[in-house]
Amino acid sequence: MDGSFKIGRLFGIPVLIHFTFLLIIPLFAWIIGSDIDFTIQMVSNTFQVDIDDSLIISGYIPYLLGAIIALGLFVGVFIHELSHSLIALRAGIRIDSITLLFFGGVAAIEEQEPEPRTEFIMALAGPLTSLCIGLTSAVIVYLIHFFITSTAEAGILIYIFGYLAILNVLLFAFNLLPAFPMDGGRVLRAYLAGRMPLHKATSIASTIGKGFAIMFGLVGLLLFSPILILIAFFIYIGAGQESAVTRYNFLLKDVTVGDIMARPIVDVQPQMPLSDVLALMYQTKHLGFPVIDRGVLMGIITLTDLARTPVLDRDAMQVRDVMTREVITLPPHAPVMDALRIMTRQDIGRIPVMSDDNILGIVTKSDIFTVIELREV
Ligand SMILES: [Zn+2]
């Protein structure tokens, strides 16, 4: 997902964090810091416990507590996401990455679509984990005074764990809403997929998801809640993306890159001046060419590579000066979905099709989308 960066790996899966999660730390510090009395009351009423607030409300401590609670929320979301991934791994599903958002996570499963039964269990695991974390935090709230005699110090811990208990139970409830691609929406899709083809089930689930997103967005605007607006945005985009991928998977099923590759290929030599390449682009309307020297693929040159060179140097510079040397290639029997996935992930527009060191053709993103359009009618 855009706007995410990698924080590490777990069980071989890259774990990414979305930048909005970092905004949540100051946001919580501000929400809690500016209205500490209200939140103390909320925790106290929820658990029917007295909270000694003599330490909590002093100086900058409310803001510090806000940041600690935001970090606690992060740990909760992380364990939630981990539970999805562990079930997926046990079911033999490959996960490309996990992105942590402040209200849950997104596990990118790019290899295959899970069986409805597996997805059902996988999707439920996360919210149930959040519920367990919430209940455990609640139990801790009642146990604290057995271990800490100072009521002021105990007050701080009761406040933190009480707040986290509420947040994790909210995560549980919120994630169970049938707002695809959130967990509840995945449960719904798995249910529907037992009764109809997967792409139809996904389409229905994502329409419902988008409906929820619009509702959250409107409520967020009315209540001036940036958190709700952000969630609405994530759900709307996510629902659209996932239903598109499932539709492509369905439409491009059994289509190989060999079936749709362009032939004969137009190639260029490493010594060719860049101005000639540009002329060839005008002439052929292709925006990229494989670079071939005595029958061997040396690299690939695209308009993007050309655009990086100064206009005045294009007569003097040659293809080999700017071409991309590490070329991703695919065999003709590779599924077109693989090509599309690689193009999206690597942000490239074309992939040469090779068999035994011979270049057979080239498959481009625009060709793939033409095939998708043709198959849709
Ligand atoms: Zn989840």
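Using this note's numbering, the first residue of the sequence shown is number 26, and each one after it goes up by one. Glycine residues also receive a C-beta, built at the ideal position from the N, C-alpha and C atoms. Keep in mind that this is a model prediction, so the values were computed, not measured.
Reduced DSSP secondary structure (H/G/I, E/B, other) of residue i
i	result
Gly151	helix
Gly159	helix
Pro141	helix
Ser122	strand
Gly187	helix
Asp208	helix
Leu202	coil
Val293	strand
Thr327	strand
Pro360	strand
Gln308	helix
Thr281	strand
Gln73	coil
Thr174	coil
Thr349	strand
Pro251	helix
Pro51	helix
Phe63	helix
Ser83	coil
Phe127	coil
Val402	coil
Gly219	coil
Ile256	helix
Asp392	helix
Thr334	coil
Candidates the options: closest to residue i by CA position
i	options	result
Ile42	Ile94, Met67 and Val102	Val102
Val361	Gly58, Arg350, Leu156 and Val270	Val270
Thr154	His105, Met379, Ala116 and Leu182	His105
Phe394	Met348, Asn274, Gln308 and Val352	Asn274
Ile376	Ile397, Arg350, Glu398 and Asp62	Arg350
His358	Asp62, Asp381 and Leu80	Asp381
Ile185	Lys310, Ile169, Leu196 and Ser175	Ile169
Leu328	Leu201, Ser300, Phe197 and Arg214	Ser300
Gly265	Val280, Gly187, His224 and Asp284	His224
Ile256	Ile49, Gly37 and Phe36	Ile49
Phe128	Gly97, Ser122, Lys390 and Arg115	Gly97
Phe53	Thr354, Asn193, Ser69 and Ile93	Ile93
Pro356	Asn383, Leu80, Phe237 and Pro335	Asn383
Ile183	Val74, Leu337 and Asp392	Val74
Val352	Arg339, Asp340, Asp372 and Ile38	Asp372
Val280	Arg319, Leu253 and Ala364	Ala364
Gly210	Ile229, Asp338, Leu195 and Leu305	Ile229
Trp55	Phe172, Leu90 and Asp338	Leu90
Asp121	Glu144, Lys390 and Arg366	Arg366
Local Cβ density within 10 Å of residue i, reported as buried at 16 or more and exposed below that
i	result
Glu401	exposed
Met286	buried
Ser29	buried
Ile239	exposed
Met207	buried
Ser231	buried
Asp62	exposed
Val347	buried
Met323	buried
Ser175	exposed
Tyr307	exposed
Asp78	buried
Ala148	buried
Pro222	exposed
Thr369	exposed
C-alpha gap between residue i and residue j, whole angstroms
i	j	result
Met297	Leu276	39 Å
Thr161	Leu107	17 Å
Ala150	Ile112	8 Å
Asp330	Gly386	21 Å
Lys310	Leu303	10 Å
Gly180	Pro152	28 Å
Phe258	Glu398	27 Å
Arg272	Tyr85	52 Å
Pro251	Arg119	34 Å
Pro51	Val282	48 Å
Pro139	Tyr261	22 Å
Pro203	Leu156	17 Å
Val166	Gly159	11 Å
Met379	Ile317	13 Å
Thr45	Gln294	46 Å
Ile57	Ala95	10 Å
Gly219	Ile146	14 Å
Ile326	Val336	16 Å
Residues sharing a beta bridge with residue i, DSSP
i	result
Lys31	Leu41
Leu355	Val378
Leu322	Ile317
Gly386	Val378
Ala287	Ile387
Gln343	Pro298
heavy atom of ligand 2 below 7 Å from residue i C-beta
i	result
Asn200	Annotation note on ligand 2: not contained in the displayed structure, which lists ligand 1 as its ligands.
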